[in-house]
Amino acid sequence: MRTEPTWRIPVGLLGLLIGLAIYGIVIARYLPDLIGDWPTLAQTVIYVFLGLVWLLPLGRFLKWMETGNWR
């Protein structure tokens, strides 16, 4: 267990917040133009998928924040 603070945690949290904000803005700005005419159920599936896809790299990112190693 770590006894001293590390710079990776605050930088990682800021990076995560900025990255998620950019991701959300891009999705909210461009996706309705592409799928706005689709049936509601299809739109729901796409939005749920895109709402979960950002979780894929999160595990490695959190490991880096804690250990400084990507693996």
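In terms of the UniProt record's numbering, the sequence shown opens at residue 1 and continues consecutively.
All C-beta atoms, glycine included, are put in the ideal place defined by N, C-alpha and C.
Please read all numbers here as calculations on a predicted model, not as lab measurements.
For Leu17, the nearest candidate out of Phe61, Ile46, Arg71, Trp70 (CA to CA): Phe61
Residue closest to Leu50, alpha-carbon to alpha-carbon, out of Gly68, Leu20, Leu14: Leu20
Going straight from the alpha carbon of Leu41 to that of Pro32, what length do you get? 14 angstroms
From Val11 to Pro39, what does the alpha carbon distance come to, in whole angstroms? 41 angstroms
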